[in-house]
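J.: For reference, each letter of the sequence shown is one residue, going 501 to 752 in the working numbering.
Please see the structure below; I have some questions.
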Amino acid sequence: MKKWLVVLLVSSAALYGWFASERMEEEGTLRLVNEAHLIPKRAVPTELEALQPTDAYTLARDVSVRPDVVEPFHQLMEEARVAGYTTWIVNSGFRTIDEQRGLVADYGGAYAQRPSRSEHHTGLALDVGTTRGDIGELPEGTWLAEHVSAHGFIIRYPAHKTEVTGIAYEPWHIRYVGLPHSTIMATYDWTLEEYVDYVAAEEVVRFGNYTIRSFSRRAYDKWQSEREASSFTASADGTGRVIVTEWNGEAS
């Protein structure tokens, strides 16, 4: 095989690996989106799945989320149904940047975050209420806060962390971050902001059978090139770093 063809094939394989790696990061579940960390257009999901009402919940309107959120959410709602809570209603899921712009124009910045700063752009956030009234004043709200983490979700804007999130208490707003991250955040009472900062500061965190690492982009590119993609998951954290999650401490 001619030398130039070998070089071309090697370069193409490396480029494909880089794009596959970047795609994995952008499809991760730990991206921080807030007033200081805007979501780039490349990270706004194009593959979405419409939620379908079940015996456990209804919809206020058409609601779509990322496909990887659907099953954990259904499991959460089914657990709630079995516990006797059956009046759930999903009010919102994924929103485009244009839709968010329209909300701000109609209702103002006090009601909705400015475009590119809303978690709803990720397809990982849901606004979940109850047809019985204000979820924050009802047993449903207490149940939700106590059980979401077992299914990979967090209450994104807790009442006692407004100084950290910059957002008023929203007992209805749940965000999918995946396991074990939701469990860690619940265990240590951390917001996503605090968790991202902690992992970045520690660089390596071990929790149960998981090893969680935070890399600079350059360090991550080198690290992942030496490993099988199936042995870990990666997520951009929204601050310019990458969080890697490995099962059973596979990394040395």
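The beta carbon of each residue, even a glycine, is placed where N, CA and C say it ideally should be.
Keep in mind the model is a prediction, meaning the values are calculated, not measured.
(1) Tell me the DSSP secondary structure of Trp-690 in three-state form.
(2) Should Gly-738 be labelled buried (16 or more other beta-carbon atoms within 10 Å of its own) or exposed?
(3) Please report how far the alpha carbon of Asn-709 lies from the alpha carbon of Gly-608, in whole angstroms.
(4) Buried or exposed for His-660, please, with buried defined as at least 16 other CB atoms from any protein chain shown within 10 angstroms of its CB.
(5) Within 10 angstroms of its Cβ, does Thr-745 collect 16 or more other Cβ (buried), or is it exposed?
(6) Taking its Cβ as the centre, do 16 or more other Cβ atoms sit within 10 Å of Tyr-585, making it buried, or is it exposed?
(7) Could you check what DSSP says for Ala-645 in three-state terms: helix, strand or coil?
(8) Let's test the definition: count the other Cβ atoms within 10 Å of the Cβ of Glu-702 and tell me whether it reaches 16, buried, or not, exposed.
(9) What is the rounded straight-line gap between the Cα of Gly-666 and the Cα of Arg-656?
(10) Is it the case that the Cβ atoms of Asp-627 and His-673 are separated by a distance below 8 Å?
(11) Counting only the same chain and skipping the five closest in sequence on each side, list residues whose C-beta sits under 6 Å from that of Val-705.
(12) My assumption, with CB atoms under 8 Å, is that Val-677 sits in contact with Leu-530. Please give the rounded CB distance.
(13) Can you tell me which residues form a DSSP beta bridge with Asp-627?
(14) If we define contact as Cβ-Cβ less than 8 Å, is Gly-666 a contact residue for chain C?
(15) Between the beta-carbon of Ala-736 and the beta-carbon of Ala-543, is there less than 8 Å?
T.: Let me lay it out:
(1) coil
(2) Result: buried.
(3) In a straight line, the C-alpha of Asn-709 is about 45 Å away from that of Gly-608.
(4) exposed
(5) buried
(6) buried
(7) helix
(8) With fewer than 16 other Cβ atoms from the protein chains shown falling within 10 Å of its own Cβ, Glu-702 counts as exposed.
(9) 11 Å
(10) yes
(11) Here the set comprises Val-699, Ile-712.
(12) Cβ-Cβ separation between Val-677 and Leu-530: approximately 6 Å, consistent with a contact (criterion under 8 Å).
(13) Beta-bridge partners of Asp-627 (DSSP): Ser-592, His-673.
(14) Considering every chain present, this structure includes no chain C. It has just one protein chain.
(15) yes
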